[in-house]
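A short worksheet on the structure shown next.
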Amino acid sequence: MPQTKILLDENEIPSHWYNVVADMPSPPAPPLGPDGKPVGPDALAAIFPEALIEQEVSTERWIPIPEQVREIYRLWRPAPLYRAHRLEEALGTPARIYYKYEGVSPAGSHKPNTAVAQAYYNRQAGIKRLTTETGAGQWGSSLALAGQLFGLEVRVYMVRVSYEQKPFRRSMMHTWGAEVLASPSERTEAGRRILAGDPDSPGSLGIAISEAVQEAASRDDTNYALGSVLNHVLLHQTIIGQEAKRQFEKIGEYPDAIFAPCGGGSNFGGVAFPFLADKAAGREIRLVAVEPTSCPTLTKGHYAYDFGDAIGMTPLLLMYTLGHDFVPPGIHAGGLRYHGDSALVSQLHHEGLVEAVAVPQLATFEAGVRFARSEGILPAPESNHAICAVIEEALRCKESGESRVLFFNLSGHGHFDMAAYDSFFAGELEDFDYPEEAIEESLARLPKVG
Ligand SMILES: *Cc1c(COP(=O)(O)O)cnc(C)c1O
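Right under this line is the structure:
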């Protein structure tokens, strides 16, 4: 019987992060300022420490992981690689299915991989406080944990609907010592502006980002931390794919296709980029980003310069976007409701190195329940998107009799998302139609460049 869990020792935690920019066919498109001219790294200095800005624009292939960060990684890393024997059997597929389980971190997802690194560099730079936004609460709890470990105060602007629907994510952040505010709030100019237009605004990630950035920009002792999208965030997450490569080496396997849920692109980039190095060198491997049909950024968005936030405070990034003021339907995979995507993932998709598929909400929960009933682990609604795509692929292998190696990132557990599973079992979940009109309207308001 081949192994079920493929484990590494603590001394096998990678010593460097991998920077995909070194292996991309063309250099990344620069962020632009309001005047349409490329912004220099110094434009980011009001809200990010220098070390992270350097990583944001670095072209070096390998970037050393500080010893203090690796020490904290030891609390839960290396993360296990599983062979999904029982799921394979339940599906009757000749495919061999593997998954990397990131739910073993204290916050229950991959997000602490970057939260810890970001807190470390801010602490080194003498920063005392961090602000951030959170949707479903995964990122807010990860930064609360990291802030606590490095002695930083953390204030989290939490999208109002989630603030009300996910009280236990809030409790987690409080336990790790963070302050949590419902966004839009009265604390910032950005929040007051939104509330003036819509006092009952449910909030959105874009709005919460505006609030957190505005506060960080207005105080010298305070910086901002982002949980996805930016190059340095994807860089930190490459620890996932690097560990997975070693784990596959140990058992003499190599994936034919990699799947990961894609919101801002950080766990997808984290698991896929280290394999893209091999693909760039000619090896055949499919890299598939999986998104919701209700927020189909890579599959239906435009490849264009757009703002990262709702009210246009950030530099313009060249990415797939649905329009910065598009508010997606309230699906339960809160981490996948972002209007844009990582510029690196977007460019690689545009250049044909990365594929994307969109899956509807009900099918993702069906897949998640099927997974939980065979493998035991109860996945986050975001992770269910990857599981859904993998099951479809495994069933295609069954039809064709091909014994492919399928690998996906199980980005987190769903222990704080049980209300979503309850709604699914009660038959209350819907598939939202692709919100074409809302997207068209929003895309008509893309900023004009050049
Ligand atoms: C936040 C989150 C995601 C989506 O974010 P990415 O930056 O695209 O990785 C996916 N899965 C889980 C469990 C998350 O918490």
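Quick note, the sequence shown lines up with residues 990 to 1439 if you use this note's numbering.
Glycine residues also receive a C-beta, built at the ideal position from the N, C-alpha and C atoms.
Legend entry - Continuous alpha helix (DSSP H) stretch holding Asp966: start and end: Nothing about residue 966 can be reported from this structure: the residues present for the chain run from 990 to 1439 only.
Inset, instruction - Answer yes or no: do Leu1296 and Ala1427 have a C-beta to C-beta separation smaller than 8 Å? - result: Residue 1296 sits at position 307 when you count from the first residue of the sequence shown. Residue 1427 sits at position 438 when you count from the first residue of the sequence shown. Here the sequence assigns Phe to residue 1296, which means Leu is not the residue at that position. Not closer than 8 Å, so no.
Inset, instruction - Whole angstroms is fine: what's the gap from Glu1371's alpha carbon to Gly1323's? - result: Residue numbering aside, residue 1371 sits at position 382 when the sequence shown is read from its first letter. Residue numbering aside, residue 1323 sits at position 334 when the sequence shown is read from its first letter. One C-alpha to the other measures close to 8 Å.
Inset, instruction - Return the CA-CA distance between Ile1013 and Val1343, expressed in angstroms with no decimal places. - result: As a first step, residue 1013 is located in the sequence shown; it is residue number 24 there, counting from the start. As a first step, residue 1343 is located in the sequence shown; it is residue number 354 there, counting from the start. First, the residue type needs correcting, since residue 1013 is Met and not Ile in the sequence shown. It is roughly 12 Å from the alpha-carbon of Met1013 to the alpha-carbon of Val1343.
Inset, instruction - For Asn1220, count neighbouring C-beta atoms within 10 Å of its own C-beta (all shown protein chains included) and say buried if the count is 16 or more, exposed if not. - result: To locate residue 1220, count along the sequence shown from 1; it is residue 231. The residue is buried, with at least 16 neighbouring Cβ atoms inside 10 Å.
Inset, instruction - Quick one: give me the first and last residue of the beta strand (DSSP E) that Glu1280 is part of. - result: Walking along the sequence shown from the start, residue 1280 turns up at place 291. Segment Arg1275 to Pro1281, the beta strand (DSSP E) holding Glu1280.
Legend entry - Cβ-based neighbour list, Ala1018, same chain, cut-off 6 Å, excluding 5 preceding and 5 following: Position 29 of the sequence shown holds residue 1018. Hits under 6 Å: Leu1307.
Inset, instruction - Work out the CA separation of Gly1253 and Leu1337 for me, nearest whole Å. - result: Working through the sequence shown from its first residue, we reach residue 1337 at position 348. Working through the sequence shown from its first residue, we reach residue 1253 at position 264. About 14 Å.
Inset, instruction - Output the distance between the C-alpha atoms of Ala1347 and Gly1259, rounded to the nearest integer angstrom. - result: Stepping through the sequence shown from its first residue, residue 1347 is reached at position 358. Stepping through the sequence shown from its first residue, residue 1259 is reached at position 270. So the two alpha carbons sit approximately 20 Å from each other.
Inset, instruction - Using the Cα positions of Val1202 and Val1438, report the straight-line distance between them to the nearest angstrom. - result: Along the sequence shown, read from residue 1 onward, the residue named residue 1202 stands at position 213. Along the sequence shown, read from residue 1 onward, the residue named residue 1438 stands at position 449. If you take the alpha carbons of Val1202 and Val1438, they lie about 23 Å apart.
Legend entry - Near ligand 1: Gln1336 beta-carbon under 7 Å from a heavy atom: Taking the first residue of the sequence shown as 1, we reach residue 1336 at position 347. Checking the Cβ of Gln1336 against ligand 1 gives no.
Legend entry - Rounded separation between His1374 and Val1028 - CA only: For this step, residue 1374 is matched to residue 385 along the sequence shown. For this step, residue 1028 is matched to residue 39 along the sequence shown. Cα-Cα distance, rounded: 35 Å.
Inset, instruction - Using the DSSP secondary-structure output, state which residues sit across from Leu1306 in a beta bridge. - result: Here the question's residue 1306 lines up with position 317 in the sequence shown. Asp1295, per the DSSP bridge assignment.
Inset, instruction - Sort out for me which residues DSSP pairs Ser1098 with in a bridge. - result: As a working mapping, residue 1098 is identified with position 109 in the sequence shown. The partner list for Ser1098 (beta bridge, DSSP) reads Gly1401.
Inset, instruction - Please indicate yes or no: does the CB of Lys1234 lie closer than 7 Å to some heavy atom of ligand 1? - result: Along the sequence shown, one-based indexing puts residue 1234 at 245. Residue side-chain check: Lys1234 keeps its Cβ at 7 Å or more from all non-hydrogen atoms of ligand 1.
Legend entry - Check: Leu1154 C-beta below 7 Å from any heavy atom of ligand 1: The count along the sequence shown starts at 1 and reaches residue 1154 at position 165. First, the residue type needs correcting, since residue 1154 is Gln and not Leu in the sequence shown. For ligand 1, no non-hydrogen atom lies closer than 7 Å to the CB of Gln1154.
Legend entry - Proximity to Ser1255 [Cα-Cα], best of Ala1266, Trp1128, Thr1310 and Gly1319: On the sequence shown, residue 1255 is found 266 positions in, with the first residue counted as 1. For the residues Ala1266, Trp1128, Thr1310 and Gly1319, the minimum Cα distance to Ser1255 belongs to Trp1128.
Legend entry - Distance, Pro1095 Cα to Ala1361 Cα: Here residue 1361 refers to the residue found at position 372 when the sequence shown is read from its first residue. Here residue 1095 refers to the residue found at position 106 when the sequence shown is read from its first residue. Spanning the alpha carbons of Ala1361 and Pro1095 requires a straight line of approximately 20 Å.
Inset, instruction - Please say whether Leu1223 and Phe1248 have beta carbons closer to each other than 8 Å? - result: Residue 1248 sits at position 259 when you count from the first residue of the sequence shown. Residue 1223 sits at position 234 when you count from the first residue of the sequence shown. For the pair Phe1248 and Leu1223, the CB atoms are not nearer than the 8 Å cut-off.
Inset, instruction - Can you grab the Cα-Cα spacing for the pair Gly1195 / Arg1272, in whole Å? - result: Residue mapping note: residue 1195 aligns to position 206 of the sequence shown, counting from 1. Residue mapping note: residue 1272 aligns to position 283 of the sequence shown, counting from 1. Distance between the alpha carbons of Gly1195 and Arg1272 is about 38 Å.
Inset, instruction - Note down the Cα distance separating Arg1159 from Glu1417, rounded to an integer number of angstroms. - result: Translated into positions along the sequence shown, residue 1159 becomes position 170. Translated into positions along the sequence shown, residue 1417 becomes position 428. Rounded to the nearest angstrom, the two C-alpha atoms are 25 Å apart.
Legend entry - Rounded distance between the beta-carbons of His1321 and Thr1310, thought under 8 Å: Looking up residue 1310 in the sequence shown gives position 321. Looking up residue 1321 in the sequence shown gives position 332. Contact between Thr1310 and His1321 fails: their C-beta atoms lie close to 23 Å from each other, not under 8 Å.
Inset, instruction - State yes or no: is the C-beta of Gly1192 within less than 8 Å of the C-beta of Ser1172? - result: Reading the sequence shown from its first residue, position 203 is the one you call residue 1192. Reading the sequence shown from its first residue, position 183 is the one you call residue 1172. Yes; because the gap between Cβ atoms is below 8 Å, this pair is in contact.
Legend entry - Whole-angstrom C-beta distance between Tyr1146 and Ala1197, which should lie under 8 Å: On the sequence shown, position 208 is the one that residue 1197 refers to. On the sequence shown, position 157 is the one that residue 1146 refers to. Contact holds; Cβ gap of about 4 Å.
Legend entry - Cβ neighbours of Thr1303 in the same chain (closer than 6 Å, five flanking residues each side left out): As a working note, residue 1303 is residue 314 in the sequence shown. Only Phe1296 and Gly1297 meet the Cβ criterion.
Inset, instruction - Measure from the alpha carbon of Val1009 to the alpha carbon of each residue in Arg1144, Arg1181 and Val1334, then state which is nearest. - result: Here residue 1009 refers to the residue found at position 20 when the sequence shown is read from its first residue. Checking every option, the nearest Cα to that of Val1009 belongs to Val1334.
Legend entry - Where the alpha helix (DSSP H) through Pro1263 begins and ends: Within the sequence shown, the letter at position 274 stands for residue 1263. Membership of Pro1263 in the alpha helix (DSSP H) is indicated by the continuous run Ser1255 to Ala1269.
Legend entry - Nearest to Ser1400 (by Cα), restricted to the options Ile1061, Ala1278 and Arg1235: Reading the sequence shown from its first residue, position 411 is the one you call residue 1400. Ranking Ile1061, Ala1278 and Arg1235 by Cα distance to Ser1400 puts Ala1278 first.
Legend entry - Reduced DSSP secondary structure (H/G/I, E/B, other) of Thr1211: Reading the sequence shown from its first residue, position 222 is the one you call residue 1211. Under the three-state reduction of DSSP output, Thr1211 falls in the strand class.
Inset, instruction - Closer than 6 Å by C-beta to Val1058: which residues in its own chain qualify, once you throw out the five before and the five after it? Chain order, please. - result: Residue numbering aside, residue 1058 sits at position 69 when the sequence shown is read from its first letter. Take Val1058, set aside five residues on each side of it, and the residues of its chain with a beta-carbon closer than 6 Å to its own are Val1105, Ala1106 and Tyr1109, in chain order.
Inset, instruction - Within 10 angstroms of the Cβ of Ser1151, are there 16 or more other Cβ atoms? Answer buried if so, exposed if not. - result: To locate residue 1151, count along the sequence shown from 1; it is residue 162. Buried, by the Cβ-count rule.
Inset, instruction - Indicate the three-state DSSP secondary structure (helix, strand or coil) for Lys1437 in the structure shown. - result: Within the sequence shown, the letter at position 448 stands for residue 1437. In the displayed model, Lys1437 falls within coil according to three-state DSSP, outside both helix and strand.
Inset, instruction - Please classify Pro1053: does DSSP put it in a helix, a strand, or coil? - result: As a position in the sequence shown, residue 1053 is number 64, starting the count at 1. Strand at Pro1053.
Inset, instruction - Look at the Cβ atom of Ile995, then the Cβ atom of Gln1236, and state whether they are nearer than 8 Å. - result: Here residue 995 refers to the residue found at position 6 when the sequence shown is read from its first residue. Here residue 1236 refers to the residue found at position 247 when the sequence shown is read from its first residue. Taking 8 Å as the Cβ cut-off, Ile995 and Gln1236 qualify as a contacting pair.
Inset, instruction - Quick one: which unbroken alpha helix (DSSP H) runs of 4-plus residues sit fully inside the segment 1082-1126? Chain order, please. - result: Uninterrupted alpha helix (DSSP H) stretches at least 4 residues long and entirely within the segment 1082-1126 occur at 1101-1113, given in chain order.
Legend entry - When Ile1086, Thr993, Gly1136 and Ser1207 are compared against Ala1035, the one with the closest alpha-carbon: Residue 1035 sits at position 46 when you count from the first residue of the sequence shown. Among Ile1086, Thr993, Gly1136 and Ser1207, the Cα nearest to that of Ala1035 is on Ser1207.
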